[in-house]
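Peer 1: One structure, as structure tokens, below. Some questions next.
6 protein chains.
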Amino acid sequence: MRENTIRNIWHSGGAVINGWLTIPSPWSAELMAHQGWDSLTIDTQHGLIGYDAALPMLQAISTTPVMPLARAPWNEPVGIMKLLDAGAMGIICPMVNSVKEAQAFVGACRYAPLGYRSAGPTRAGLYGGSNYLQEANTSVITFAMIETAQAVKNVDDILSTPGLDATYVGPTDLAISLGLRPGGPLDEPRLDEAIQKIVKSCKQHGIIAGIHTSSTSDAIRCMERGFQFVTLLSDTRFLADASSAAVRAIRAGHVTPSAAGTPY
Amino acid sequence: MRENTIRNIWHSGGAVINGWLTIPSPWSAELMAHQGWDSLTIDTQHGLIGYDAALPMLQAISTTPVMPLARAPWNEPVGIMKLLDAGAMGIICPMVNSVKEAQAFVGACRYAPLGYRSAGPTRAGLYGGSNYLQEANTSVITFAMIETAQAVKNVDDILSTPGLDATYVGPTDLAISLGLRPGGPLDEPRLDEAIQKIVKSCKQHGIIAGIHTSSTSDAIRCMERGFQFVTLLSDTRFLADASSAAVRAIRAGHVTPSAAGTPY
Amino acid sequence: MRENTIRNIWHSGGAVINGWLTIPSPWSAELMAHQGWDSLTIDTQHGLIGYDAALPMLQAISTTPVMPLARAPWNEPVGIMKLLDAGAMGIICPMVNSVKEAQAFVGACRYAPLGYRSAGPTRAGLYGGSNYLQEANTSVITFAMIETAQAVKNVDDILSTPGLDATYVGPTDLAISLGLRPGGPLDEPRLDEAIQKIVKSCKQHGIIAGIHTSSTSDAIRCMERGFQFVTLLSDTRFLADASSAAVRAIRAGHVTPSAAGTPY
Amino acid sequence: MRENTIRNIWHSGGAVINGWLTIPSPWSAELMAHQGWDSLTIDTQHGLIGYDAALPMLQAISTTPVMPLARAPWNEPVGIMKLLDAGAMGIICPMVNSVKEAQAFVGACRYAPLGYRSAGPTRAGLYGGSNYLQEANTSVITFAMIETAQAVKNVDDILSTPGLDATYVGPTDLAISLGLRPGGPLDEPRLDEAIQKIVKSCKQHGIIAGIHTSSTSDAIRCMERGFQFVTLLSDTRFLADASSAAVRAIRAGHVTPSAAGTPY
Amino acid sequence: MRENTIRNIWHSGGAVINGWLTIPSPWSAELMAHQGWDSLTIDTQHGLIGYDAALPMLQAISTTPVMPLARAPWNEPVGIMKLLDAGAMGIICPMVNSVKEAQAFVGACRYAPLGYRSAGPTRAGLYGGSNYLQEANTSVITFAMIETAQAVKNVDDILSTPGLDATYVGPTDLAISLGLRPGGPLDEPRLDEAIQKIVKSCKQHGIIAGIHTSSTSDAIRCMERGFQFVTLLSDTRFLADASSAAVRAIRAGHVTPSAAGTPY
Amino acid sequence: MRENTIRNIWHSGGAVINGWLTIPSPWSAELMAHQGWDSLTIDTQHGLIGYDAALPMLQAISTTPVMPLARAPWNEPVGIMKLLDAGAMGIICPMVNSVKEAQAFVGACRYAPLGYRSAGPTRAGLYGGSNYLQEANTSVITFAMIETAQAVKNVDDILSTPGLDATYVGPTDLAISLGLRPGGPLDEPRLDEAIQKIVKSCKQHGIIAGIHTSSTSDAIRCMERGFQFVTLLSDTRFLADASSAAVRAIRAGHVTPSAAGTPY
């Protein structure tokens, strides 16, 4: 089966720099796959992407060696299994708040006897290789999102779920759940405390810690704090921020640093 | 009929700051429509966009007051008329190299007796208003691209075509046609000479000058030189440049200036 | 955040006249948005519309001030949350038969601490405004469908669910559940009795009453009886009924009243 | 090959009642195919429909015995041939203004030696039958649109083109070309005179006369005047007119005649 | 209502030869509908097909008398009901492991009082006929997949579920569940034993036995053993196997038996 | 720039075995790209594929090293240039009947000074590499279809067109043009004579000869006769032939040779 290079990076102690796709377009997906990310996650929860839009995006990422992941729309087998059959090499699952929910999630990603994933990797077998059914259970990566106060409370139980590979912190939902303003700094004390608890629990259970960040400084700081899977913003945010900054610069008559080369 | 606000800006002596859409997605189109551009051009020539993809993008732009334009795939009536019927408020036509070609282009944008556009503004009538058939001839904007040595030579003839509103300089094709390296600076002497000739001819014929630029500095400089319609890069380029810069920054451990706020 | 004008109409004591979209097309959606409806509901339950088709329809409605709503495919968080993130300003939820189901539904529409909606309003934030996360809980409208005998029995409990704004009566399912012929008159005694009970309970709990009707006379009568949210037929039904009537008229040689103007 | 039932109706002296599709949706196409039309024309000129949208619409019509036709986007081989290969049983060609243009159009619809249509009826062979290549030349129907003053002037020449089966009058473009207000009555003297000339020429050359109408009364009157192919309005117009009339009726408190039955 | 011809074949003691669709394309669906299958199943579980892709495929099958079925993505009401409303004449439901799960599945396919299917057969009513609501409960076919050791154990209970029409054996999942290598022969003793138990239970309960096979010999053998619903491979497998065999033959210089006729 | 491996095969004296795509689906395209073909041609002329459908198919092929080609819809710049910008590494152009038509075709594929292709390789630059503009003129392959009696007559002139790389014989159209039954054998004397003339002229002008075949035996024979680019059938034909043969075999009770392995 095709090597899951995310596991290689982790085994060597490195951190995966992950891009985030919310635009329902195979072209923007292919474009993002050329910008240096180690992996790209198609967000079918908050991204504007349903299954029929996600499929050609998974193909578009596969034009490169970048690892394709997907955030499932919810902790339910139907969405998870369809994304895996379409070739996602890992699933980020939202709102995993208890060990029972973690088991349901992991089970949906694993063939029997480890789980209850149904066999039929129509595209995954083509993309992943002919022995997909034999190796998928050890290759496909499972990320449980820790993004509520309840999940933080239960984190040690959740992280002891067999077959769980990683967590993924969603700071916006976690902040709201903690009664904080969404979009605030990661080092807000209560948020920081929760995140530290998650990282510590990850280390104890041999689980990889992942997180969504909204600045390069946060991304770098999180890597320094032990996160080995770090996402920065999203395609939507890059496009909006870069283009609005340019328009403002032109209107102000200010020259901004900009790319050279052909304008197409 | 809905006011074509591009004409208002021009009448007041201002310059239109135009965004450029090459991603075939109504979501990226709607997103771009919120970033401060005066108009957005759906590029159905070099953009990855056919008619069936362009239609919902025109709708997406219409969620805002931003003026929707389209670059036609080629100087042919079929593409031009379908984009107008779908609600484009102006057409940028590639490769207009002679007065005959200019007349063919303008005629496709005007109802009789000024041209040969066929009547059936299915969406344009809904978006533009019930008197669309009466007012479209004076509202819809025609841009002829001047992008070959031959076109520069013929520029005075081309710009005397009745019903032509504006030119649009394509520096990449023009540079290639002049035997220059594509993607070089706008002030390369031969390119600069050609552009100056176009601008001068525009002034003489009361035609608006437009241009595609690849940096904020070029955009500003072109506005200073009299261009009243200036495009900067494209959605594809903004997304690629901003995301690759961020990845490089993270890998280098360098913090870059970045947007605050929620990461979705 | 963008004003939810449905609430304004209700606050002034008026009734919302709602259109119903079942054709999976952004064009028919935009067209319907110009016909005078106060709101339009994209039916992702019985309409022929999945998420990927619903998204550009929400954009199409947003080209006008008409309020976009959606009927969720089922009382499940995944469908509800994705429609809200895509910009629906309210959700009509099918088959709410108990207070527990009502709570599950309402919770999916509300951010913590009022519910468990996950934060990531990718398009809703753009369409709704930058303070969407702060105001969505009081702006987004929740409609519970009362369409079974069981739901009628439990209606007082259901309507006491905190955060529930409105009910929506589905007469076809309700008739079937009551053992009646579907498609019969609203004043069939048992159906009428059930509807009266719902309206009465709405008044007691300060909940808006809504209903789907199949004739202008039913729509008007329901408004007179206190319904403040009334749907008439659907795009599919209007298109089928109007075109088949015209064909029959031509074949019979009978002239029918018809629209003047251009035939496109 | 599948019988082209339009020819049967004509042979028996009858008139074809044709529906018009401008909504890019296979569902609205299938729905229209159940409303009693003899044929349905997918309008890829002014309809909001490109090739990729037209294909599943042709399939949708084929769920019924209704004959599928298409209006080509323009008098060019590429659009015409692709629609025929996709299964259209006839082509309505816009803007045929001279015998040379008529020959170019007809030639694109006929295999050698009668024309220059390229062989590859990928779907047409499946839908039409295995002997499609042998019989298409005598089955596929060619309609030349007569919609300019120039075309009316040249009508006798145009109608003498071998292989041309029918004309199709476009009253809106014809009115504009004659210097009249578009959307006016068909019996406006100058328009009426042109139409009479076309009908007379059709009779002389054994060509079927067709026309687009905008009321049942016009449709009936045209049939009485000898038109054997009559279109009424379009899906877009039926949907807009019927729904806006209903909304106005509700707001006025007036009951309108309306369909009985289930409201889905 | 349109006759469900699958029931006719069964009533006459015959076996239904079923094709399997995993390519998300209405064209490949229409093509398959012309190859001699009695029914075609759109696989929305392991096929690369979400709801928005399945809809035009159901239309494409309806261009022929072949019966359209669908495999639901999972045993959940939302997917099942939407496929039925879109015109599927039967549902194959994955992973039915207990009588409770069987009841949930069957209930989603039946209107009250037999189940809890919600009424709104938008396309099913058009395709199936105007009395669809009255007759669907006895026409629509329910297939429960027996594909785990647990399901085999519970098979007698499962098959006693009122309203269940048929089983469908998924040999790959069943083999995995039994601890066998997926893709092995059907006569592997443990797999064979499980299958025999299912067939025997079917006979006892008057339930039709169905199975997925991967060779014509298996298909024939299963029909001889009493299976009355037999699927062979899938569109994806036919395309891959036939084309790779041809390429190998050309490279080897070996002539293979091949179809005559035109190469389009 | 990415190497055009077709040129490598030719340079080594080998023949390219080319697959043919007519199903408008990125999944069937990706699947075909795994079956051993050297190149795959997306047929936008007779295939059921417009530009918006072709784009994700080009991406799907790019998940493998198989070379992506496209048949243009017609000898017109708009279709040719858009397919090249989307990443096609060569164009097969239909109906090239004269040297003038050959020059028009080749010119559309070459940047100045060799032709008039407009610069803007939005996807081609990403897929092909950053020096695409510099190298495309020598990498992109031009195939002129010789498929009429007129083209055979003019073949020596056509093949002397600078920048033309290859011919592609379309036997069906050529047979019709010669007054033969389409779909007959390649060795029918008049067809054979024409083909021999083409091959001979190719050798004289250093042009590669290509052809579409409908059996492995024809493919092999053509390679023996000097054709270095040979297509066999199409995805549509493989799917139809293989599945109908299997259904017939089951109905006849005959076992056919069939693929082993898992049935998904």
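Protein chains in written order, with our numbering: chain A, 1 to 264; chain B, 1001 to 1264; chain C, 2001 to 2264; chain D, 3001 to 3264; chain E, 4001 to 4264; chain F, 5001 to 5264. Where is the CB? At the ideal position from N, CA and C, for every residue including glycine.
Identify the residues that DSSP records as bridge partners of residue 4074 of chain E: which are they?
Peer 2: DSSP output for residue 4074 of chain E lists no bridge partner at all.
Peer 1: Since residue 3127 of chain D is in the alpha helix (DSSP H), which residue starts that stretch and which ends it?
Peer 2: 3122 to 3128
Peer 1: So is residue 1234 of chain B buried or exposed if we call it buried at 16+ other beta carbons inside 10 Å?
Peer 2: buried
Peer 1: Does any CB atom of chain D fall closer than 8 Å to the CB of residue 5095 of chain F?
Peer 2: Closer than 8 Å to some Cβ of chain D, the Cβ of residue 5095 of chain F qualifies, so yes.
Peer 1: State the Cα-Cα distance for the pair residue 4089 of chain E and residue 3135 of chain D, rounded to the nearest angstrom.
Peer 2: 35 Å
Peer 1: Closer than 8 Å, CB to CB, is residue 1112 of chain B near chain C or not?
Peer 2: no
Peer 1: Using the Cα positions of residue 1132 of chain B and residue 1124 of chain B, report the straight-line distance between them to the nearest angstrom.
Peer 2: 7 Å
Peer 1: Which chain E residues are close to residue 2047 of chain C, counting only those with a beta carbon under 7 Å from its beta carbon?
Peer 2: 4122
Peer 1: Are the beta-carbon atoms of residue 2026 of chain C and residue 2057 of chain C separated by less than 8 Å?
Peer 2: yes
Peer 1: How would you list, in chain order, the residues of chain E whose beta-carbon sits under 8 Å from the beta-carbon of residue 5250 of chain F?
Peer 2: 4017, 4216, 4219, 4220, 4223, 4230, 4232
Peer 1: Which value, in whole angstroms, describes the spacing of the CA atoms of residue 4112 of chain E and residue 2148 of chain C?
Peer 2: 10 Å
Peer 1: Mind checking if residue 99 of chain A is an interface residue toward chain F, Cβ cutoff 8 Å exclusive?
Peer 2: no
Peer 1: Taking the C-alpha atoms as reference points, what is the distance between residue 128 of chain A and residue 5032 of chain F?
Peer 2: 16 Å
Peer 1: Where DSSP assigns a beta bridge to residue 2211 of chain C, which residues make up the other side?
Peer 2: Answer is C/2169, C/2230, bridged to residue 2211 of chain C.
Peer 1: Since residue 3142 of chain D is in the beta strand (DSSP E), which residue starts that stretch and which ends it?
Peer 2: 3141 to 3146
Peer 1: Would you kindly work out how many angstroms separate the C-alpha atoms of residue 4177 of chain E and residue 1022 of chain B, rounded to a whole number?
Peer 2: 49 Å
Peer 1: Any beta-carbon of chain E closer than 8 Å to the one on residue 5013 of chain F?
Peer 2: no
Peer 1: Could you compute how far the alpha carbon of residue 2107 of chain C sits from the alpha carbon of residue 3246 of chain D?
Peer 2: 36 Å
Peer 1: Output, in chain order, the set of chain B residues within a Cβ distance shorter than 7 Å of residue 5133 of chain F.
Peer 2: 1182
Peer 1: Taking DSSP's pairing of strands, which residues face residue 2068 of chain C in a bridge?
Peer 2: C/2040
Peer 1: Buried or exposed for residue 4138 of chain E, please, with buried defined as at least 16 other CB atoms from any protein chain shown within 10 angstroms of its CB.
Peer 2: Answer is exposed; the Cβ neighbour count stays below 16.
Peer 1: Run through DSSP, which three-state label would residue 3137 of chain D get?
Peer 2: Of the three classes helix, strand and coil, the one that applies to residue 3137 of chain D here is helix, per DSSP.
Peer 1: Quick one: Cα of residue 1150 of chain B to Cα of residue 4053 of chain E, how far?
Peer 2: For residue 1150 of chain B and residue 4053 of chain E, the gap between their C-alpha atoms comes out near 48 Å.
Peer 1: Exposed or buried, which one is residue 5030 of chain F when buried takes at least 16 other CB atoms within 10 Å?
Peer 2: buried
Peer 1: Give a yes or no on whether the C-beta atoms belonging to residue 2198 of chain C and residue 2169 of chain C are separated by under 8 Å.
Peer 2: In contact: residue 2198 of chain C and residue 2169 of chain C (Cβ atoms closer than 8 Å).
Peer 1: Taking the C-alpha atoms as reference points, what is the distance between residue 4105 of chain E and residue 4060 of chain E?
Peer 2: If I take the Cα positions, the gap works out to 26 Å.
Peer 1: Go through its chain and collect everything with a Cβ distance to residue 5205 of chain F's Cβ below 8 Å, but skip five positions before and after it.
Peer 2: 5156, 5159, 5160
Peer 1: Is the beta carbon of residue 87 of chain A closer than 8 Å to that of residue 62 of chain A?
Peer 2: Contact flag set, yes.
Peer 1: Could you tell me whether any Cβ in chain F is nearer than 8 Å to the Cβ of residue 172 of chain A?
Peer 2: no
Peer 1: Which one of B/1038, B/1071, B/1122, B/1051 has the shortest CA to CA distance from residue 1065 of chain B?
Peer 2: B/1038
Peer 1: For the beta strand (DSSP E) containing residue 5018 of chain F, list its first residue and its last residue.
Peer 2: Following the DSSP letters along the chain, one finds residue 5018 of chain F inside the beta strand (DSSP E) bounded by residues 5016 to 5021.
Peer 1: Give me the chain F residues within the contact set of residue 161 of chain A, using Cβ-Cβ distance strictly less than 8 Å, ordered along the chain.
Peer 2: Going along chain F, no residue has its Cβ under 8 Å from residue 161 of chain A, so there is no contact; the nearest lies around 28 Å.
Peer 1: In chain D, which residues lie less than 8 Å from residue 2239 of chain C when you measure between Cβ atoms?
Peer 2: 3028, 3031, 3032, 3235, 3238, 3239, 3242
Peer 1: Among the candidates C/2074, C/2048, C/2034, C/2091, whose CA atom is the shortest distance from the CA of residue 2006 of chain C?
Peer 2: When each option's Cα is compared against that of residue 2006 of chain C, the closest is C/2091.
Peer 1: How would you call residue 5262 of chain F, buried or exposed, if buried means at least 16 neighbouring beta carbons within 10 angstroms?
Peer 2: Confidence is the limiting factor: at residue 5262 of chain F the pLDDT is only 39, short of 50, which leaves the residue's position unreliable and the question unanswerable from this model.
Peer 1: Determine which residues of the stretch 1129 to 1153 of chain B have a Cβ less than 8 Å from any Cβ of chain C, and write them out in chain order.
Peer 2: Contact residues of the stretch 1129 to 1153 of chain B toward chain C are 1133 (C-beta to C-beta distance below 8 Å).
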